[in-house]
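My numbering puts the first residue of the sequence shown at 9, with every later residue one more than the last.
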Amino acid sequence: MRVVLVTLALTLISAIAHATVLLPADLSDLSHEAVAIARGRIAAVEPQWKEGRRGIETLVTLQTESYLKGSLGTIVQFRVPGGTLGRFSSVVVGAPQFTVGQRVILFLGSRGPTIPYVLGLSQGVFRLAQSAQGDWIVTPPPIVATVDGPIVRGTLGLGPTSLSDFERQVRTLSGTLR
Numbered sequence: 009m010r011v012v013l014v015t016l017a018l019t020l021i022s023a024i025a026h027a028t029v030l031l032p033a034d035l036s037d038l039s040h041e042a043v044a045i046a047r048g049r050i051a052a053v054e055p056q057w058k059e060g061r062r063g064i065e066t067l068v069t070l071q072t073e074s075y076l077k078g079s080l081g082t083i084v085q086f087r088v089p090g091g092t093l094g095r096f097s098s099v100v101v102g103a104p105q106f107t108v109g110q111r112v113i114l115f116l117g118s119r120g121p122t123i124p125y126v127l128g129l130s131q132g133v134f135r136l137a138q139s140a141q142g143d144w145i146v147t148p149p150p151i152v153a154t155v156d157g158p159i160v161r162g163t164l165g166l167g168p169t170s171l172s173d174f175e176r177q178v179r180t181l182s183g184t185l186r
């Protein structure tokens, strides 16, 4: 009887368990798959309950400065999984987190009439920072553990790059070079 109960419990637990599978995407993949690639400033971050209080998601508002591909308007809202509401927190591995005032370049996807989402979770978020000289630098998302071949110290293309070089590269990859 004990074996039957343990087997039943394991079957029920595995049926309700959910997993996040994150496939590595390079800049070329993101550029081709994106409906829109927007540069802007995070204007609002609002965690909210999913329908039926079955989880938390965060509604993020981006005030766009420019588009490298497509256009979704001057204000874009998108959802990311996870967030904190009062004493409740939901953490989704690989999901990006945003703060108001942050400047970013987002690779956005969309399915039908729903609001957009960030492609590849954190992989579709490139953060902007100012260098000591006042130039804008694009910092890539964290490297995914499953990189083809070894990571070699000093490898070009893995570190921060200037905003103008990054935008030129993305426009070339997405076919919107002007």
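Even glycine gets a Cβ: it sits at the ideal position worked out from N, Cα and C. These numbers were taken from a predicted model, which means no experiment stands behind them.
Would you mind reading off the limits of the alpha helix (DSSP H) that contains residue i?
{"i": "V178", "result": "L171 to S182"}
{"i": "D37", "result": "L35 to E41"}
Helix, strand or coil for residue i, going by three-state DSSP, please let me know.
{"i": "Q105", "result": "coil"}
{"i": "V110", "result": "In the sequence under discussion, the amino acid at residue 110 is Gln, which differs from the Val named in the question. Reduced to three states, the DSSP call for Q110 is coil."}
{"i": "R87", "result": "strand"}
{"i": "L93", "result": "strand"}
{"i": "S74", "result": "strand"}
{"i": "R5", "result": "Because the chain here runs from 9 to 186, residue 5 falls outside it and cannot be looked at."}
{"i": "Q131", "result": "helix"}
{"i": "S98", "result": "strand"}
{"i": "Q141", "result": "coil"}
{"i": "T69", "result": "strand"}
{"i": "G120", "result": "coil"}
{"i": "G167", "result": "coil"}
Taking the C-alpha atoms as reference points, what is the distance between residue i and residue j?
{"i": "T107", "j": "Q138", "result": "16 Å"}
{"i": "E73", "j": "W144", "result": "14 Å"}
{"i": "K58", "j": "R87", "result": "11 Å"}
{"i": "G102", "j": "G128", "result": "8 Å"}
{"i": "R176", "j": "Y125", "result": "23 Å"}
{"i": "A153", "j": "G132", "result": "Low local confidence applies: a pLDDT of 41 at A153 is under 50, so the model's placement there is unreliable, and no value is given."}
{"i": "L76", "j": "V99", "result": "30 Å"}
{"i": "G91", "j": "G142", "result": "32 Å"}
{"i": "G215", "j": "P148", "result": "Outside the modelled stretch of the chain, which goes from 9 to 186, sits residue 215, for which no answer is possible."}
Please list, in chain order, all residues of the same chain as residue i whose beta carbon is under 7 Å from its beta carbon, the five residues on each side excluded.
{"i": "V146", "result": "I113, F134, L136, P168, T169, L171 and F174"}
Return the first residue and the last residue of the beta strand (DSSP E) that residue i is part of.
{"i": "I145", "result": "W144 to T147"}
Excluding the 5 residues flanking residue i on each side, which residues of the same chain have their C-beta closer than 6 Å to its C-beta?
{"i": "G78", "result": "V43 and A44"}
{"i": "F96", "result": "none"}
{"i": "S39", "result": "V178, L181 and S182"}
{"i": "Q110", "result": "I50"}
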